[in-house]
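Start counting the sequence shown at 1; every next residue gets the next number (full-length UniProt numbering). Idealized CB from N, CA, C, for every residue including glycine. Read the structure below first, then the notes.
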Amino acid sequence: MNNYSPLRYPGGKNKTYKYVQFLIKENNINTYIEPYCGGAAVALKLLIKGDVKRIMINDYDRSIYAMW
């Protein structure tokens, strides 16, 4: 599985991509919102692969938030 995140982030959700992708397709979702994105691996992969048209990401950690 490719990791599209520039960060190696503890607790990453990259392994959940296929499940999230399934839910997005089943529910015809065009925007993926992730309030605690960390490395944003899933959000970026969904966007790059064309599963969603737009992502909205945020993080509680100000240094991670500032990077994005």
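Three-state secondary structure (DSSP) of residue i
i	result
Arg8	coil
Ala17	The sequence shown places Tyr at residue 17, rather than the Ala named in the question. It is helical.
Ile33	strand
Buried versus exposed, by CB contacts within 10 Å (16 or more), residue i
i	result
Leu46	buried
Tyr17	buried
Asp51	buried
CB of residue i within 8 Å of CB of residue j, strictly
i	j	result
Ala41	Asn58	no
Ala43	Ile55	yes
Minimum C-alpha distance to residue i - residue among the options
i	options	result
Met60	Ile33, Asn3, Cys37, Ile48	Before going on, a small fix: residue 60 reads as Tyr here, not Met. Selected option, being the one with the closest Cα: Cys37.
Residue i - partner residues in DSSP beta bridges
i	result
Ile57	Glu34
Cβ of residue i within 8 Å of any chain D Cβ
i	result
Lys15	Looking at the structure shown, chain D is missing, and only one protein chain is on hand.
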